[in-house]
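One structure is given here, and the rest of the page talks about it.
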Amino acid sequence: DLQELLGFNKPSKTLDWLLRNSEAAIKELVIKSNVTSSPSECEEVLSHDNTAGPTDHVKGKSVVNKCKDLLNLTKESRAKARARARDRTKEKMC
């Protein structure tokens, strides 16, 4: 993963590097897409999706899909972090 590729042993250093090097692209993306990336707002959109009818706008559905992708990515990232933590713990135990 990116953390290993960059050679950082702390996720916070990887995150700092990533944010520093992609700040301009993130701002540009936010301006272009006008899509919220807050998990709580995404969850709100997803809860409204359950009551969505066939006349919903296509744009609204793309926001829902983006939020679902964001939530899935967050879950995957946390799962990988837990796996790395387990590996570190195993190394310390041996």
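At position 16 of the sequence shown (counting the first as 1) the number is 167 in the working numbering, and the numbers step up by one without a gap. Note that CB positions come from ideal geometry on N, CA and C, so glycine has one too.
(message) Within the continuous alpha helix (DSSP H) that includes Asp167, where are the two ends?
(response) On the sequence shown, position 16 is the one that residue 167 refers to. It spans 162-184 - the alpha helix (DSSP H) in which Asp167 sits, taken as one unbroken run.
(message) Can you find the residues in the same chain that come closer than 6 Å, C-beta to C-beta, to Phe159, ignoring five residues on each side of it along the sequence?
(response) Along the sequence shown, one-based indexing puts residue 159 at 8. Closer than 6 Å at Cβ, skipping near neighbours: Thr165.
(request) Can you grab the Cα-Cα spacing for the pair Ala176 / Ala234, in whole Å? (result) Here residue 176 is taken as the residue at index 25 of the sequence shown, counted from 1. Here residue 234 is taken as the residue at index 83 of the sequence shown, counted from 1. In a straight line, the C-alpha of Ala176 is about 30 Å away from that of Ala234.
(request) Have a look at Asp152 and Lys178 and give me their C-alpha separation to the nearest angstrom. (result) Residue numbering aside, residue 152 sits at position 1 when the sequence shown is read from its first letter. Residue numbering aside, residue 178 sits at position 27 when the sequence shown is read from its first letter. Approximately 24 Å, taken between the alpha carbons.
(request) Consult DSSP for Asp238 and reduce its assignment to one of helix, strand or coil. (result) As a first step, residue 238 is located in the sequence shown; it is residue number 87 there, counting from the start. If DSSP states are grouped into helix, strand and coil, Asp238 belongs with the helices.
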